[in-house]
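Heads up, the thing below is written out as C-alpha cells.
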Amino acid sequence: MTTFVDRVELHIAAGNGGHGCASVHREKFKPLGGPDGGNGGRGGDVILTVDQSVTTLLEYHHSPHRKATNGKPGEGGNRSGKDGQDLVLAVPDGTVVLDKRGNVLADLVGHGTTYVAAEGGRGGLGNAALASARRKAPGFALLGEPGRSGDIVLELKTVADVALVGYPSAGKSSLISVLSAAKPKIADYPFTTLVPNLGVVTAGSTVYTIADVPGLIPGASQGRGLGLEFLRHVERCSVLVHVLDTATLESERDPVSDLDAIEEELRHYGGLGDRPRIVVLNKVDIPDGKDLADMIRPDLEERGYRVLEVSAVARTGLKELSFALADIVAKARAAKPKEEATRIVIRPKAVDDTGFTITQEEDGLFRVRGDKPERWVRQTDFNNDEAVGYLADRLGRLGVEEGLMKAGARAGDGVAIGPEDDAVVFDWEPTMMAGAEMLGRRGEDHRFEAPRPAAQRRKDRQAERDDAAREYDDFEPF
Ligand SMILES: Nc1nc2c(ncn2[C@@H]2O[C@H](COP(=O)(O)OP(=O)(O)OP(=O)(O)O)[C@@H](O)[C@H]2O)c(=O)[nH]1
Ligand SMILES: [Mg+2]
1 MTTFVDRVEL HIAAGNGGHG CASVHREKFK PLGGPDGGNG GRGGDVILTV DQSVTTLLEY
61 HHSPHRKATN GKPGEGGNRS GKDGQDLVLA VPDGTVVLDK RGNVLADLVG HGTTYVAAEG
121 GRGGLGNAAL ASARRKAPGF ALLGEPGRSG DIVLELKTVA DVALVGYPSA GKSSLISVLS
181 AAKPKIADYP FTTLVPNLGV VTAGSTVYTI ADVPGLIPGA SQGRGLGLEF LRHVERCSVL
241 VHVLDTATLE SERDPVSDLD AIEEELRHYG GLGDRPRIVV LNKVDIPDGK DLADMIRPDL
301 EERGYRVLEV SAVARTGLKE LSFALADIVA KARAAKPKEE ATRIVIRPKA VDDTGFTITQ
361 EEDGLFRVRG DKPERWVRQT DFNNDEAVGY LADRLGRLGV EEGLMKAGAR AGDGVAIGPE
421 DDAVVFDWEP TMMAGAEMLG RRGEDHRFEA PRPAAQRRKD RQAERDDAAR EYDDFEPF
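Residues 1 to 478 in full-length UniProt numbering are what the sequence shown lists, from first letter to last.
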C-alpha cells in the first residue's frame, strides 16, 4: 500500500556564502604586488518547484532535513570561490508552504511554479574587490553570509475541480471509479477511504479532475470519524457534489437529514460557502432507494439544488452527471483570471534595503535594526581591526552615527546592531569624523571595542552554522 502524506515539516538550510580572501600578489624577485584576494562564492538556494509527476510529500516525510551547498571561499590570484549549488525540491501540484506559525508563504499551483524557500548567503568580497584609490592594499576581506535556514511546513491541497462529499458508504469512491479510470478501494464498511482519491473525467471537450474525501459524520468538526482534516483537499474545487445514499439501512438517517448534517460540518470548516453544489441521489438501482429519491426530490429542488439520480453500480445517470459537472467547471474556469503565460517564481518578500531604525530600550541600550547594517555586521571579521574600521565607515556613511546622535546617544552609551538574540554590542564613541575623513586612518579606529560577549556569541554561532550538523533557528517568514 502506498502511504499518502499530505503534511510535513521540513528543515531547510540554504548554503552559506564563502568568505572573501585577503591576499597580496607575490612573485619571486619582484616587489609586492597589489591585493589579489578573490570573492567568496554564493551559497546555494533551497527552491521548491511543482512537478506534476510528484503526487505526495512522502519523500520529505522520510528525510525532512535538506541543505543546499555552501559557496567556496575566494583564493589568492583573484580566484573567486565557486557558488554553492541550489537545492531544488520537487513538490506536488497544490502544495502550500507555511511557516511554523501557520502563515501562508506560498501557494504552489501549476507545473513549474517555483518558490525560493531559503536564499543562500552572499559570498564575502575579497580584498582585491575592496581596494580603492585611497585604500590600495586592504588587509582584510568580508566574511560570507550565512544562508537562511529554518522550518517550513508543506501541506498538500489537492487541486481537483470537483469534490465529492458525503457520509461513509454513500458511494463516493464508487462514483469516481465509474466516472473516471481511477480505481479506488470500495467496500461496504464505513471509512473505506482513508485518503482522498483523484480521478480524471472527460465529458465532451471538457476534461476535469474529481476527488473524494473520507466520509464525514456529524461531529466531524469536533474530530469525530476522520475529522475535517481532509477537507482542505476540497478547498480548491469549483463545485461540491453531495453524494446522498438513498438506500441506507440506518433507521435514523435519510438523505435530507444527511445533507443537512454534512452542510453543518462544512459550515464549521468554513470557506466553502460560495461553492456551487449539486445533489446526487445514489443507489437508485435499489427499488426502495428509487422510491425515496422520488419522494425527496421536490423538497431538495425547492431548496434550490440541482438534483440528479444515479446508480454507481448499475451505471445509470452518469452521463448526465458528468456533463452537468463539466458545465459548472467550464464556467468556473472561464470566470477565473487567465493563467500567466510565464511560470510564477515566488521570491521571499524583498527586505527594505534602504533604511535603518534606532530605538532606545528600557535599559538605555540603543538598538540599530536594518538590513544593511545587520548584513555589514555579519560580513565583519571582528578579529581584524581594519575590517572593523571598514564597518565603522560603512555605518557612518549610511548615517547611523548621525542617527544615534539625534536619538540622544552620548559617549559611552551601549549600542547594539541586530536583533536581540543575534546582535553585536559596543560602547559608542561619537566622532565628527565619520565617513570619508576616516578613510585614511584604517587600523586606528577605536570606536569599536574589542568584541564583547554578545559579539563573541555571534561568532560562536557563526562557527556552529558552518558546521554541517547545524541547528535550525526559528526564522521569520520570508
Ligand atoms: N446498490 C448499490 N450499491 C452501491 C452503489 N454505489 C455504491 N454502492 C455500494 O456502497 C458501498 C460503499 O461504497 P463506497 O464507494 O466505498 O462508498 P464511499 O462513499 O466511498 O465510502 P467511504 O469511503 O467509507 O466514505 C459499497 O459496498 C458499494 O458497492 C449503488 O449505486 N448501488
Ligand atoms: Mg470511499
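Here a beta-carbon is modelled for each residue, glycine too, at the ideal position from N, C-alpha and C.
{"Asked": "K172: CB within 7 Å of a non-hydrogen atom of ligand 2", "Found": "yes"}
{"Asked": "Rounded separation between R148 and T49 - CA only", "Found": "18 Å"}
{"Asked": "Residue range of the unbroken beta strand (DSSP E) whose run includes A90", "Found": "L87 to V91"}
{"Asked": "Strand pairing of K67, partner residues [DSSP]", "Found": "A13"}
{"Asked": "Distance cut-off 7 Å: T158 Cβ against heavy atoms of ligand 2", "Found": "no"}
{"Asked": "G215 Cβ short of 7 Å to ligand 1 heavy atom set", "Found": "yes"}
{"Asked": "Continuous beta strand (DSSP E) assignments of at least 3 residues falling wholly in the segment 131-201", "Found": "149-156 and 162-165"}
{"Asked": "Close Cβ partners of residue 513 (< 7 Å) along its chain, the five nearest in sequence each way excluded", "Found": "Here the chain has residues from 1 to 478 only, and residue 513 is not among them."}
{"Asked": "Distance between I358 and D427 (C-alpha atoms, nearest Å)", "Found": "15 Å"}
{"Asked": "Beta carbon of D107 nearer than 8 Å to that of V96", "Found": "yes"}
{"Asked": "Those residues which DSSP pairs with F382 across a bridge", "Found": "Answer is none; F382 lacks a bridge partner."}
{"Asked": "Proximity test, Cβ basis, 8 Å: G20 and chain C", "Found": "Of the protein chains in this structure there is only one, and it is not chain C."}
{"Asked": "Cβ neighbours of R224 in the same chain (closer than 6 Å, five flanking residues each side left out)", "Found": "I217"}
{"Asked": "Inter-residue Cα distance where the pair is H19 and V104", "Found": "34 Å"}
{"Asked": "Whole-angstrom C-beta distance between V415 and L404, which should lie under 8 Å", "Found": "6 Å"}
{"Asked": "Backbone secondary structure at S311 - three-state DSSP", "Found": "strand"}
{"Asked": "For I176 and S205, the rounded distance between their alpha carbons", "Found": "19 Å"}
{"Asked": "Check whether residue 557 and A326 have beta carbons under 8 Å apart", "Found": "With the chain covering only 1 through 478, there is no way to say anything about residue 557."}
{"Asked": "Own chain residues within Cβ distance below 6 Å of N384, not counting five before or after", "Found": "F140"}
{"Asked": "Per-residue DSSP class, three states only, for N103", "Found": "coil"}
{"Asked": "Distance CB(D45)-CB(G120) smaller than 8 Å", "Found": "yes"}
{"Asked": "As assigned by DSSP and simplified to three states, the class of V388", "Found": "helix"}
{"Asked": "Three-way DSSP call (helix, strand, coil) for Y115 in this model", "Found": "strand"}
{"Asked": "Local Cβ density within 10 Å of G355, reported as buried at 16 or more and exposed below that", "Found": "exposed"}
{"Asked": "Of the listed residues L194, D99, P214 and Q52, nearest to Y167 (C-alpha basis)", "Found": "P214"}
{"Asked": "Supposed contact pair N127 and P31 - C-beta distance, whole angstroms, cut 8 Å", "Found": "Their Cβ separation, rounded to whole angstroms, is 18 Å, which puts P31 and N127 out of contact at 8 Å."}
{"Asked": "Endpoints, the beta strand (DSSP E) within which H242 is located", "Found": "V239 to D245"}
{"Asked": "E437 to A22 span [Cα, whole Å]", "Found": "Note that E437 scores a pLDDT of 34, beneath 50, so its modelled location is shaky; the value from the coordinates is reported in the next line. Answer to the nearest angstrom: the Cα atoms are 24 Å apart."}
{"Asked": "DSSP beta-bridge partners of I47", "Found": "V88 and V116"}
{"Asked": "Beta-bridge pairing of F426 - partner residues as DSSP gives them", "Found": "V415"}
{"Asked": "Beta-carbon separation (whole angstroms), G112 vs T158, contact threshold 8 Å", "Found": "18 Å between Cβ atoms; not a contact."}
{"Asked": "For E420, the nearest candidate out of E374, K406, R410 and V400 (CA to CA)", "Found": "E374"}
{"Asked": "C-beta contact flag for A324 and I286 at 8 Å", "Found": "no"}
{"Asked": "Among R253, V234 and K336, the one whose alpha carbon lies nearest that of L272", "Found": "V234"}
{"Asked": "Closer than 7 Å: T202 CB and nearest ligand 2 heavy atom", "Found": "no"}
{"Asked": "Backbone secondary structure at G18 - three-state DSSP", "Found": "coil"}
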